[in-house]
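S.K.:
2 protein chains.
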Amino acid sequence: METRELAYFLAVAEELHFGRAAERLGMAQPPLSRAIQKLERRLGVPLFDRSGRGISLTSAGEVLAREAATVLDAVAAATARTRRAGRADPRLVVALKPGGDGGLLPDILEAYRAHPDAVEVELVLCGVAQRAQLVRDGTADVAFLHIPYEELTGFDSEPLRVEGSVAIVPRGHRLAGQAFVRVAELEADPTPLWPRRHADINDPATLMQLVALGRLIAMAPESVTPHLRRDLVCVPVLDGTPTTVVLAWPERTRSRALAAFVRTASAVAERLSPAPG
Amino acid sequence: METRELAYFLAVAEELHFGRAAERLGMAQPPLSRAIQKLERRLGVPLFDRSGRGISLTSAGEVLAREAATVLDAVAAATARTRRAGRADPRLVVALKPGGDGGLLPDILEAYRAHPDAVEVELVLCGVAQRAQLVRDGTADVAFLHIPYEELTGFDSEPLRVEGSVAIVPRGHRLAGQAFVRVAELEADPTPLWPRRHADINDPATLMQLVALGRLIAMAPESVTPHLRRDLVCVPVLDGTPTTVVLAWPERTRSRALAAFVRTASAVAERLSPAPG
DNA sequence: CATGGGCAATACCCTGGAGGTATGGAGACA
DNA sequence: TGTCTCCATACCTCCAGGGTATTGCCCATG
Chain A
1 METRELAYFL
11 AVAEELHFGR
21 AAERLGMAQP
31 PLSRAIQKLE
41 RRLGVPLFDR
51 SGRGISLTSA
61 GEVLAREAAT
71 VLDAVAAATA
81 RTRRAGRADP
91 RLVVALKPGG
101 DGGLLPDILE
111 AYRAHPDAVE
121 VELVLCGVAQ
131 RAQLVRDGTA
141 DVAFLHIPYE
151 ELTGFDSEPL
161 RVEGSVAIVP
171 RGHRLAGQAF
181 VRVAELEADP
191 TPLWPRRHAD
201 INDPATLMQL
211 VALGRLIAMA
221 PESVTPHLRR
231 DLVCVPVLDG
241 TPTTVVLAWP
251 ERTRSRALAA
261 FVRTASAVAE
271 RLSPAPG
Chain B
1 METRELAYFL
11 AVAEELHFGR
21 AAERLGMAQP
31 PLSRAIQKLE
41 RRLGVPLFDR
51 SGRGISLTSA
61 GEVLAREAAT
71 VLDAVAAATA
81 RTRRAGRADP
91 RLVVALKPGG
101 DGGLLPDILE
111 AYRAHPDAVE
121 VELVLCGVAQ
131 RAQLVRDGTA
141 DVAFLHIPYE
151 ELTGFDSEPL
161 RVEGSVAIVP
171 RGHRLAGQAF
181 VRVAELEADP
191 TPLWPRRHAD
201 INDPATLMQL
211 VALGRLIAMA
221 PESVTPHLRR
231 DLVCVPVLDG
241 TPTTVVLAWP
251 ERTRSRALAA
261 FVRTASAVAE
271 RLSPAPG
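These protein sequence lines map, in sequence, to chains A and B.
Position 45 of the first sequence, counted from 1, bears residue number 45 in the UniProt record's numbering, the numbering being contiguous throughout.
Position 149 of the second sequence, counted from 1, bears residue number 149 in the UniProt record's numbering, the numbering being contiguous throughout.
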């Protein structure tokens, strides 16, 4: 099976219409029909039900749609990773969201620089959704992810640090003076608790603004504390879900530079915090 | 990048010789050379060092070799899974080694049969090395694996049961009467302890024969006990590494039949043992 | 029931590129 | 320096993948 055929198939599977799929692929409909027929003949299995008006995926077709997407992702990642490995200056691309390193990054970078296998480190600061994607598609080598907020499917990983939860409230807030709170207290408050009820806010600045205005109370890993606006304060949440900061990289990857980075990061995390993972 | 090109590249990367690679691929050397050149041009990156006598992989080439293997495995798996999904009678193929189900399989099968999404279950009994491979390459849907003896890389999994370790010794052995032993005692014994020092024995019959002859002491999960030869006995190892029996299936897979099987197995395991995972 | 429209399949042609053969050319080693 | 090895280049062939024109089938609609 050639990747071209898989791309053709996936286009038809998504459009469920040979004509539109062909247009999307920049080709005519008949060769596309033939390519799919050929694929079906080779696999010995029908992929589409063509019963009159419109087509639909057979169960085999549904399986192949999934698999084809996997393969095409892997091919795209292979291209990106190979290209990057071929650049003259070897670099390690690290993806993280601002403040998403649990405060460990400066020490990790300093310790890593001393390592014999170390290469230049490039930091990519990005939003929450892109981070894992950047590693999956080969743009980045490794990312700081937060469990349980992000999926580790398809990654190898190394836990670095476990963080407790804090509630973020305006400086003058009723809870601001307390030594700690519990989740139940926060939920009892008339102010909505993020991310329990407002999972659709993805921009931290917006979120913090809403907190400052008293429209929300936010819960976050304790490492956000140093980066917080001055008009907000943190209160530890005793029974909040702990967050684990992990380094995640693609399975089967084992460049010396990456291995050194992971080992350094792990050592730094262990040195800086009593109980890592 | 077409899969054909990746296969070509991988052949050359493995042989490190265009002539031999071409022979292996059943083609002439010049078109192979050209195909690789084209690939290098498209990627914008040299994949081989061609400095006189012999060739070698560049660092980009090493990356692509890994990635190409991943892609080709994914393509092979896609073919196998699609073909199997297209067969008239839907089946769930379960791979396990004899006795590798932790004694759970009969109950799981019985419970599964009652499930609305259940399909015919086909059991593939196989050796330890093939089990994960069968799932990876799409021949099987799901396998019973043993942690930490087997890698879960690339799989989703569900832990079913945690088992203690037992030492296997001949019936008349010095340790046979004891209520339990510790690893240190076993290591102190002049008889070599498997798998610590004899990891190269893969055939259980051979292994058991060696144990019966007093040439080895074997450590294994406790669920081997019912299948043991009558001339051997088990002694619990108090501080032996516990084994977790898990169900493992390919990431991103979610057929109804498989989901039903996993959920059933998990429920059965929870019912039969106090503390699963 | 007849007709028209939408859409995939078929028929037929054409071109680019994959593959083959012959040969060149650059190191390595005697 | 000559020769051997092995990859690259030159040149040719042919087929597979792509295009255009058309048919065939199903369904909707009057």
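Beta carbons: idealized from backbone N, C-alpha and C, even for Gly.
Would residue 86/B and residue 45/A qualify as a contact pair, given that the criterion is a beta-carbon distance under 8 Å?
M.R.: As a position in the second sequence, residue 86/B is number 86, starting the count at 1. As a position in the first sequence, residue 45/A is number 45, starting the count at 1. Yes, they are a contact pair.
S.K.: In the DSSP assignment, find the beta strand (DSSP E) that holds residue 120/B and state where it starts and stops.
M.R.: Here the question's residue 120/B lines up with position 120 in the second sequence. Segment 120-125, the beta strand (DSSP E) holding residue 120/B.
S.K.: I'd like to know whether the C-beta of residue 131/B is nearer than 8 Å to at least one C-beta of chain A.
M.R.: Start at 1 with the first residue of the second sequence, and residue 131/B comes out as number 131. Chain A, which has no Cβ nearer than 8 Å to the Cβ of residue 131/B, makes this no.
S.K.: Check the Cβ-Cβ distances between residue 63/B and every residue of chain A, and say whether any is below 8 Å.
M.R.: Taking the second sequence and counting its residues from 1, one reaches residue 63/B at position 63. So yes, residue 63/B belongs to the interface.
S.K.: DSSP three-state call for residue 115/B: helix, strand or coil?
M.R.: Within the second sequence, numbered from 1, the residue matching residue 115/B stands at position 115. In the structure shown, residue 115/B sits in coil (DSSP, three-state: anything other than H, G, I, E or B).
S.K.: Return the residue from the list 261/A, 175/A, 256/A, 259/A that minimises the CA-CA distance to residue 232/A.
M.R.: Residue mapping note: residue 232/A aligns to position 232 of the first sequence, counting from 1. Considering only alpha carbons, the answer is 175/A.
S.K.: Quick check on this structure: which residue in 102/A, 235/A, 192/A, 206/A has the alpha carbon closest to the alpha carbon of residue 278/A?
M.R.: Past the boundaries of the shown model lies residue 278/A; chain A is included only from 1 to 277, so the question cannot be answered.
S.K.: Quick check: is the beta carbon of residue 116/B nearer than 8 Å to any beta carbon in chain A?
M.R.: Position 116 of the second sequence, counted from the first residue, corresponds to residue 116/B. Closer than 8 Å: no.
S.K.: Could you tell me which residues DSSP puts in a beta bridge with residue 183/B?
M.R.: One-based indexing of the second sequence puts residue 183/B at position 183. Beta-bridge pairing links residue 183/B to no other residue.
S.K.: Does the distance from the CB of residue 98/B to the CB of residue 123/B come in under 8 Å?
M.R.: Taking the second sequence and counting its residues from 1, one reaches residue 98/B at position 98. Taking the second sequence and counting its residues from 1, one reaches residue 123/B at position 123. Against a cut-off of 8 Å, the Cβ pair of residue 123/B and residue 98/B comes out as no contact.
S.K.: Would you report the Cα separation of residue 6/A and residue 258/A, rounded to the nearest angstrom?
M.R.: As a first step, residue 6/A must be located in the first sequence, where it is residue number 6. As a first step, residue 258/A must be located in the first sequence, where it is residue number 258. Between residue 6/A and residue 258/A, the C-alpha separation is close to 32 Å.
S.K.: Is the distance from the Cβ of residue 221/B to the Cβ of residue 163/B below 8 Å?
M.R.: As a first step, residue 221/B must be located in the second sequence, where it is residue number 221. As a first step, residue 163/B must be located in the second sequence, where it is residue number 163. It is a contact, given that the beta carbons lie within the stated cut-off.
S.K.: Under the assumption that residue 143/B contacts residue 248/B (Cβ atoms under 8 Å), give the Cβ distance between them as a whole number of angstroms.
M.R.: In the second sequence, counting from the first residue as 1, residue 143/B sits at position 143. In the second sequence, counting from the first residue as 1, residue 248/B sits at position 248. Correct: roughly 5 Å between the Cβ atoms.
S.K.: For the putative contact between residue 244/B and residue 147/B, defined by C-beta atoms under 8 Å, what is the C-beta separation to the nearest angstrom?
M.R.: Numbered from its first residue, the second sequence carries residue 244/B at position 244. Numbered from its first residue, the second sequence carries residue 147/B at position 147. About 4 Å; that satisfies the 8 Å criterion.
S.K.: With DSSP as the reference, label residue 55/A as helix, strand or coil.
M.R.: Looking up residue 55/A in the first sequence gives position 55. The answer is coil: DSSP assigns residue 55/A none of H, G, I, E or B.
S.K.: Roughly how many whole angstroms lie between the Cα atoms of residue 117/B and residue 150/B?
M.R.: Taking the second sequence and counting its residues from 1, the one referred to as residue 117/B is at position 117. Taking the second sequence and counting its residues from 1, the one referred to as residue 150/B is at position 150. Taking the straight line joining both Cα atoms gives about 29 Å.
S.K.: Tell me, please, whether the CB atom of residue 59/B is closer than 8 Å to any CB atom in chain A?
M.R.: Translated into the one-based positions of the second sequence, residue 59/B becomes position 59. Yes - at least one Cβ of chain A is within 8 Å of the one on residue 59/B.
S.K.: Using a Cβ-Cβ cut-off of 8 Å, state whether residue 68/B counts as contacting chain A.
M.R.: Taking the second sequence and counting its residues from 1, the one referred to as residue 68/B is at position 68. So, interface residue.
S.K.: Taking C-beta to C-beta, are residue 237/B and residue 183/B nearer than 8 Å?
M.R.: What you label residue 237/B is simply residue 237 of the second sequence in a count that begins at 1. What you label residue 183/B is simply residue 183 of the second sequence in a count that begins at 1. Yes.
S.K.: In angstroms, rounded to a whole number, what distance separates the CA positions of residue 266/A and residue 201/A?
M.R.: By one-based count along the first sequence, residue 266/A stands at place 266. By one-based count along the first sequence, residue 201/A stands at place 201. Cα-Cα distance, rounded: 32 Å.
S.K.: Answer with buried or exposed for residue 241/A, where buried requires no fewer than 16 other C-beta atoms within 10 angstroms of its C-beta.
M.R.: Start at 1 with the first residue of the first sequence, and residue 241/A comes out as number 241. Answer is exposed; the Cβ neighbour count stays below 16.
S.K.: Name the chain A residues whose beta carbon is nearer than 8 Å to that of residue 154/B?
M.R.: The residue you call residue 154/B lines up with position 154 of the second sequence. Result: 154, 251.
S.K.: To test your reading of the DSSP string, which unbroken beta strand (DSSP E) runs of 3 or more residues are found completely within the region 26-97 of chain B?
M.R.: As far as the region 26-97 of chain B is concerned, its whole beta strand (DSSP E) runs of at least 3 residues are 91-96.
S.K.: Which residues mark the beginning and the end of the alpha helix (DSSP H) in which residue 208/A is found?
M.R.: Translated into the one-based positions of the first sequence, residue 208/A becomes position 208. Residues 204-212.
S.K.: Using a Cβ cut-off of 8 Å (strictly closer), state whether residue 1/B contacts chain A.
M.R.: In the second sequence, the residue the question calls residue 1/B occupies position 1. Yes - at least one Cβ of chain A is within 8 Å of the one on residue 1/B.
S.K.: State the start and end residues of the unbroken alpha helix (DSSP H) segment that holds residue 6/B.
M.R.: The residue given as residue 6/B occupies position 6 in the second sequence. Residues 3-15.
S.K.: Might you give, ordered along the chain, the residues of its own chain that have their beta carbon closer than 8 Å to the beta carbon of residue 262/A, omitting 5 neighbours on each side?
M.R.: For the purposes of this step, residue 262/A is identified with residue 262 of the first sequence, where counting begins at 1. Same-chain partners within the cutoff: 142, 158, 247, 249.
S.K.: For the region 206-226 of chain B against the region 66-80 of chain B, do three or more pairs of beta-carbon atoms, one drawn from each stretch, fall closer than 8 Å, so that the two count as touching?
M.R.: No, the region 206-226 of chain B does not touch the region 66-80 of chain B.
S.K.: How far does the beta strand (DSSP E) with residue 246/A in it extend, from its first residue to its last?
M.R.: Stepping through the first sequence from its first residue, residue 246/A is reached at position 246. 243-250 is the span of the beta strand (DSSP E), which, as asked, contains residue 246/A.
S.K.: Cα separation between residue 186/B and residue 21/B?
M.R.: Residue numbering aside, residue 186/B sits at position 186 when the second sequence is read from its first letter. Residue numbering aside, residue 21/B sits at position 21 when the second sequence is read from its first letter. In a straight line, the C-alpha of residue 186/B is about 50 Å away from that of residue 21/B.
S.K.: Below 8 Å, how does it come out for the region 23-38 of chain A and the region 50-67 of chain B: are there three or more Cβ pairs, yes or no?
M.R.: At 8 Å Cβ cutoff, the stretches do not touch.
S.K.: I want to verify the contact list: residues of chain A whose CB lies under 7 Å from the CB of residue 259/B, in sequence order.
M.R.: The residue you call residue 259/B lines up with position 259 of the second sequence. Correct list: empty, because the minimum Cβ distance to chain A is about 14 Å.
S.K.: Looking only at its own chain, which residues have a Cβ that is under 7 Å from the Cβ of residue 64/B, when we skip the five neighbours before and after it?
M.R.: As a first step, residue 64/B is located in the second sequence; it is residue number 64 there, counting from the start. 9, 47.
S.K.: So residue 4/A contacts chain B; which residues on that side make the cut at Cβ distance below 8 Å?
M.R.: Reading the first sequence from its first residue, position 4 is the one you call residue 4/A. Chain B residues near residue 4/A: 2.
S.K.: From this set, 72/B, 55/B, 59/B, which residue's C-alpha is nearest residue 4/B's C-alpha?
M.R.: Position 4 of the second sequence holds residue 4/B. Here the closest residue by C-alpha is 72/B.
S.K.: Rank 216/B, 59/B, 180/B by C-alpha distance to the C-alpha of residue 193/B and give the top, closest one.
M.R.: The residue given as residue 193/B occupies position 193 in the second sequence. Out of 216/B, 59/B, 180/B, 216/B has the C-alpha closest to the C-alpha of residue 193/B.
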